Amino acid sequence: MKTIELTIRGMHCASCVGRVERALAGVGHVRGARVNLATEQAVVDIDDEAVKPEELVQAVEHAGYQAELARSEWTDQVKEHRTRRAEEIRVWRVRVVAGVLLSLMLFKLSWDAIDATTGWMMLVLATLLQVVLGWPYYVGAWQRLRHLSANMDTLIALGTSVAFVFSTVGLVLYQWFGNTTIGYHYFMDSAIILTLITLGRFLEARAKGKASDAILKLLDLAPPTARVLRDGNEVELPAASVRRGDLMVVRPGEKLPADGVVRVGRAAVDESMLTGESVPVEKGFGDEVIGATINLNGLIQVEATRVGRDMALEQIVAVVRRAQESKAQVERLADRVSGVFVPIVLAIAVATFLGWALFGPENARWTVAVMNTTAVLIIACPCALGLATPTAIMVGSGRGAELGILIKDAASLERAGSVDTIVLDKTGTITLGELEVTDVSLGWTTVDLRGDVTATKAGFDTAVDVAGNLLRVAASLEHGSEHPIARAIVQRATELGILPVAPDSFEAVPGRGVRGRIGADDVVVGTERFLTEQRISVEPFAAERDRLENSGKTVVYVARCGSLLGVIALADRPKPTSRAAVSGLRELGLDVFLITGDNQRTAESVAGQVSIGFDRVLAGVLPEMKAAKIRELQEAGRVVAMVGDGINDAPALAQADLGIALGTGTDVAIETGQIVLVSGDPVGVVRAIRLSRATLRTIRQNLFWAFIYNAVSIPLAAGGVLHPMVAAVAMAASSVSVVSNSLLLRRRSLGP
Numbered sequence: 086m087k088t089i090e091l092t093i094r095g096m097h098c099a100s101c102v103g104r105v106e107r108a109l110a111g112v113g114h115v116r117g118a119r120v121n122l123a124t125e126q127a128v129v130d131i132d133d134e135a136v137k138p139e140e141l142v143q144a145v146e147h148a149g150y151q152a153e154l155a156r157s158e159w160t161d162q163v164k165e166h167r168t169r170r171a172e173e174i175r176v177w178r179v180r181v182v183a184g185v186l187l188s189l190m191l192f193k194l195s196w197d198a199i200d201a202t203t204g205w206m207m208l209v210l211a212t213l214l215q216v217v218l219g220w221p222y223y224v225g226a227w228q229r230l231r232h233l234s235a236n237m238d239t240l241i242a243l244g245t246s247v248a249f250v251f252s253t254v255g256l257v258l259y260q261w262f263g264n265t266t267i268g269y270h271y272f273m274d275s276a277i278i279l280t281l282i283t284l285g286r287f288l289e290a291r292a293k294g295k296a297s298d299a300i301l302k303l304l305d306l307a308p309p310t311a312r313v314l315r316d317g318n319e320v321e322l323p324a325a326s327v328r329r330g331d332l333m334v335v336r337p338g339e340k341l342p343a344d345g346v347v348r349v350g351r352a353a354v355d356e357s358m359l360t361g362e363s364v365p366v367e368k369g370f371g372d373e374v375i376g377a378t379i380n381l382n383g384l385i386q387v388e389a390t391r392v393g394r395d396m397a398l399e400q401i402v403a404v405v406r407r408a409q410e411s412k413a414q415v416e417r418l419a420d421r422v423s424g425v426f427v428p429i430v431l432a433i434a435v436a437t438f439l440g441w442a443l444f445g446p447e448n449a450r451w452t453v454a455v456m457n458t459t460a461v462l463i464i465a466c467p468c469a470l471g472l473a474t475p476t477a478i479m480v481g482s483g484r485g486a487e488l489g490i491l492i493k494d495a496a497s498l499e500r501a502g503s504v505d506t507i508v509l510d511k512t513g514t515i516t517l518g519e520l521e522v523t524d525v526s527l528g529w530t531t532v533d534l535r536g537d538v539t540a541t542k543a544g545f546d547t548a549v550d551v552a553g554n555l556l557r558v559a560a561s562l563e564h565g566s567e568h569p570i571a572r573a574i575v576q577r578a579t580e581l582g583i584l585p586v587a588p589d590s591f592e593a594v595p596g597r598g599v600r601g602r603i604g605a606d607d608v609v610v611g612t613e614r615f616l617t618e619q620r621i622s623v624e625p626f627a628a629e630r631d632r633l634e635n636s637g638k639t640v641v642y643v644a645r646c647g648s649l650l651g652v653i654a655l656a657d658r659p660k661p662t663s664r665a666a667v668s669g670l671r672e673l674g675l676d677v678f679l680i681t682g683d684n685q686r687t688a689e690s691v692a693g694q695v696s697i698g699f700d701r702v703l704a705g706v707l708p709e710m711k712a713a714k715i716r717e718l719q720e721a722g723r724v725v726a727m728v729g730d731g732i733n734d735a736p737a738l739a740q741a742d743l744g745i746a747l748g749t750g751t752d753v754a755i756e757t758g759q760i761v762l763v764s765g766d767p768v769g770v771v772r773a774i775r776l777s778r779a780t781l782r783t784i785r786q787n788l789f790w791a792f793i794y795n796a797v798s799i800p801l802a803a804g805g806v807l808h809p810m811v812a813a814v815a816m817a818a819s820s821v822s823v824v825s826n827s828l829l830l831r832r833r834s835l836g837p
């Protein structure tokens, strides 16, 4: 399957969105089409190479709209959208100013003594207003009429034209025939209606522009230039020209032009644009740095490793854009209603005109019929329905990006609001994921490896050399593994000056341990279950195992030639914010579970430190069984979110109703999760759920008021309760209020 993106012009309401989607879906080999009114973009899924972009453009144009192939670069698309939006705002501002000036002149004439000259002058001004302000609506209505359809432009063009034509006919009858039955004092109504509607469009365009501010701010974070060492000389060039492998020079106060690795110097880097965390991070040789973050102090040289679309900032923009272009399930209700909205309003308008013309007051039937019909046409507002969901998603996803919460699509945002159970992985999610070897036990003695390294070395030299030998055996075998436990054992051995040797053979068994051959000896390092499967008894160390595990430590057994040598204990501390995160999730009414491949005692020790009940601990769960545990919770009727950071979490993230991946974890986990927490802070889970609920609440509010507005106001207008000018104010206010309500998400507090 292949995806093609189009920029669509000429859409004004939800019915336009539905018409464009149907036109695109009607092209052969198109699997699906999603059109966003707020971003004016269409995303079309097609069978690979089976559909040419030109066919899609033609389908949109046949439906009465303009379309062109979107730029390939995300940044170019967003910048083009910003330029187009700015031009739209400028044009609507000019129209508003022209409308106000012409309306004031018309208002002045309406207060003067009415004579033949005044009447014709009013007609000229009203005509200018209809042309200057009404032109875009007439063009849109004509395009829809050519394709035997109707939209918001149709309603506005008809409504304002009815009042204008009615007054023009009244003027002609009065001036030429002296007939005063109709009158021509409704020019003012038509003028003010058009001015108010145009003012509403101007305010709506400004509000929609603000809805995309977050993603534009992200793009603006990237520095325009970079200093690069070329042939030993420092050269300043456009940031887009930086190549992988270039050595960038970054001075204090400057932004990093691309992602890379520090090769020279040290500095504190402000990564708040990426993670939402304000505390600077110290960076030195070998540390990774992210493009667009700020070097607060120190001169550093950074080797560029990711440039262009591979940069973290570009990927964040891509994720946010995908989220803004996607559709939530709740939006489909608005789509179905919008498909029949305009025809129903037109039918109601015709019925209103006929009803008042036949049964209205005898001395003013035509006048009342025209005014009430105008009110019906003007007050109907499918724009509010079309903007209710996409603007909230735009603002919500943008707000999340500012806080380091990347939401991949609208469906994920929607699911997060319905989650009732959170399953947290232990290592790297609740804990720091930085295991440290704390003890080496030989059965008859235990060596504490915490504290001063020099003192520990002296202890090996004098009393317990055999403990050092145990650590050497384990480190030699684990040297070929990337598991956190393996890295911790190798690191601790290296710190103590215990040099591992390369194993002759090596095999990693996920969730259990490693085995291999060192010289002539078969060596096994792993869990109690793993050694038992190898027919190696661990009972001699049962008491020591219990003592270590009861203190929250992970125990690894080391055996050589079928005999148990001893155990290595490791500890991992909970993250400073883990307890607050669990507390915040509970305050939201969520049931919190801890899942880990570690043993029950260690898991319960960590759970106790972060206030998770022991009955909510899922311990000893192998990687391949994590997804099964998630499935069990789902089968019990729970809506489950899985939070993890490792490769072994990917199946569980995919199985869960919602996968939340920590950005500090692996690429596989990040790709699998529907929401990514860039900073790796578990408090981000709380913020993500709160943001989702707030966004869904905003969408429901927008849809509720959009439906209620039309359901109440149209009958009132048809019943003669609302004057057309009041209807124009209400119609303009409905669209602006929907977008403004969505913008409130930018200021909503999501907790610490």
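Per this note's numbering, the sequence shown starts with residue 86, numbered consecutively. All C-beta atoms in this analysis are idealised placements derived from N, C-alpha and C, irrespective of residue type, glycine included. Keep in mind the model is a prediction, meaning the values are calculated, not measured.
Is Leu655 closer than 7 Å to Leu639 when the C-beta atoms are compared? According to the sequence displayed, residue 639 carries Thr and not Leu. In this structure, Leu655 lies closer than 7 Å to Thr639 by Cβ.
Measure the C-alpha to C-alpha separation of Gly544 and Leu581 and round it to an integer number of angstroms. In this prediction, Gly544 has a pLDDT of 49, which is less than 50 and means its spatial position is unreliable; what the coordinates show is noted afterwards. Cα atoms of Gly544 and Leu581: separation of roughly 11 Å, rounded to the nearest angstrom.
Throw me the rounded Cβ distance for the Gly611 and Val641 pair, which I believe falls under 8 Å. Between Gly611 and Val641 the beta-carbon gap is near 7 Å, inside 8 Å, which marks them as a contact.
What does the Cβ neighbour count give for Val609, buried or exposed, with the cut at 16 atoms within 10 Å? Here Val609 is buried: its Cβ has 16 or more other Cβ atoms, across all protein chains shown, within 10 Å.
In whole angstroms, give me the CA-to-CA distance for Ala135 and Cys101. Rounded to the nearest angstrom, the gap between the Cα atoms of Ala135 and Cys101 is 26 Å.
Measuring alpha carbon to alpha carbon, tell me which residue in Val706, Ile277, Gly598 is nearest Ile653. Between Ile653 and the set Val706, Ile277, Gly598, the nearest pair of CA atoms involves Gly598.
Considering Cα atoms alone, identify which of Asp494, Ala713, Gly637, Ser777 is closest to Arg119. Taking the Cα of Arg119 as reference, the smallest distance to any Cα among Asp494, Ala713, Gly637, Ser777 is reached at Asp494.
Which residues in the same chain have their Cβ closer than 8 Å to the Cβ of Arg630, if we skip the five residues on either side of it in sequence? Here the set comprises Glu613, Val623, Val640, Val652.
Is Met86 closer than 7 Å to Asp130 when the C-beta atoms are compared? Yes; because the gap between Cβ atoms is below 7 Å, this pair is in contact.
Hey, out of Ala148, Gly765, Arg315, Ile570, whose CA is closest to Asp683's CA? Shortest Cα-Cα distance from Asp683 to any of Ala148, Gly765, Arg315, Ile570 involves Ile570.
Within a Cβ cutoff of 8 Å, which residues of the same chain sit near Val217, ignoring the five residues on either side of it in sequence? Excluding sequence neighbours, Val217 sits near Arg180, Ala183, Gly184, Leu187.
Let me check understanding here. Comparing Cα to Cα, which of Ser357, Gly371, Arg391 lies closest to Asn380? The shortest C-alpha separation from Asn380 is found at Ser357.
Among Asn382, Ala773, Asn457, whose alpha-carbon lies nearest the alpha-carbon of Gly502? The option with the nearest alpha carbon to Gly502 is Ala773.
Report the three-state DSSP secondary structure of Lys714 (helix, strand or coil). It is helical.
Our contact map puts Met816 next to Ile282 with C-beta atoms below 8 Å; I'd like the distance itself, whole angstroms only. Confirmed, about 7 Å.
If Ser827 sits next to Ala486, beta carbons under 8 Å apart, how far is it from one beta carbon to the other, in whole angstroms? Ser827 to Ala486, Cβ: 16 Å. No contact.
For the putative contact between Ala144 and Gly111, defined by C-beta atoms under 8 Å, what is the C-beta separation to the nearest angstrom? Right, the Cβ-Cβ distance comes to about 7 Å (below 8 Å), so this counts as a contact.
Glu618 to Glu373 span [Cα, whole Å]: Rounded to the nearest angstrom, the gap between the Cα atoms of Glu618 and Glu373 is 41 Å.
How would you call Val435, buried or exposed, if buried means at least 16 neighbouring beta carbons within 10 angstroms? Burial call: exposed.
Out of Val667, Ala449, Ala442, state which residue places its alpha-carbon closest to the alpha-carbon of Thr514. The option with the nearest alpha carbon to Thr514 is Val667.
Nearest neighbour of Gly744, chosen from Asp510, Ala628, Thr474 [CA to CA]: Comparing Cα positions, the closest option is Asp510.
Pick from Leu214, Pro221, Ala665, Ala248 that is closest to Asn236, judged by C-alpha positions: Nearest of Leu214, Pro221, Ala665, Ala248 to Asn236, Cα basis: Pro221.
Other residues of its chain near Pro659: CB distance less than 8 Å, five sequence neighbours each side excluded: Hits under 8 Å: Ile515, Thr516, Leu517, Val691, Gln694, Val695.
Quick check: Trp205 and Ala290, are their CB atoms within less than 7 Å of each other? Cβ distance not < 7 Å, so Trp205 and Ala290 don't count as in contact.
Straight-line Cα distance separating Ala735 from Thr523: Their Cα atoms are separated by approximately 30 Å.
Val824 to Gly758, Cα distance in whole Å? Computed Cα separation, rounded: 29 Å.
To the nearest angstrom, report how far apart Gly647 and Ala325 are at their CA atoms. Rounded to the nearest angstrom, the two C-alpha atoms are 59 Å apart.
Thr751 to Tyr794, Cα distance in whole Å? With a pLDDT of 44 at Thr751, under the threshold of 50, the modelled position of that residue is not reliable, and the figure given next carries that caveat. C-alpha separation (whole angstroms): 48 Å.
Proximal residues to Glu140 (C-beta, below 7 Å), its chain only, five neighbours per side dropped: Same-chain partners within the cutoff: Val112.
Quick check on the DSSP output: what are the complete alpha helix (DSSP H) runs of length 4 or more inside the region 733-807, in order along the chain? If we require 4 residues or more, the alpha helix (DSSP H) runs fully inside the region 733-807 come out as 735-740, 752-757, 768-803.
Can you grab the Cα-Cα spacing for the pair Pro365 / Ala587, in whole Å? Taking the straight line from one Cα to the other gives about 39 Å.
Cβ of Asp331 within 7 Å of Cβ of Val313? It is a contact, given that the beta carbons lie within the stated cut-off.
Helix, strand or coil at Asn554 [DSSP, three-state]: Helix at Asn554.
With distance defined between alpha-carbon atoms, name the residue in Val349, Pro323, Leu322, Leu384 nearest to Arg336. For Arg336, the closest C-alpha among the options Val349, Pro323, Leu322, Leu384 is that of Leu384.
Please state the DSSP three-state secondary structure of Phe678. In this structure, Phe678 counts as strand in the three-state DSSP scheme.
Following the continuous alpha helix (DSSP H) through Asn826, name the residue where it begins and the one where it ends. Run containing Asn826: 809-828, per the alpha helix (DSSP H) assignment.
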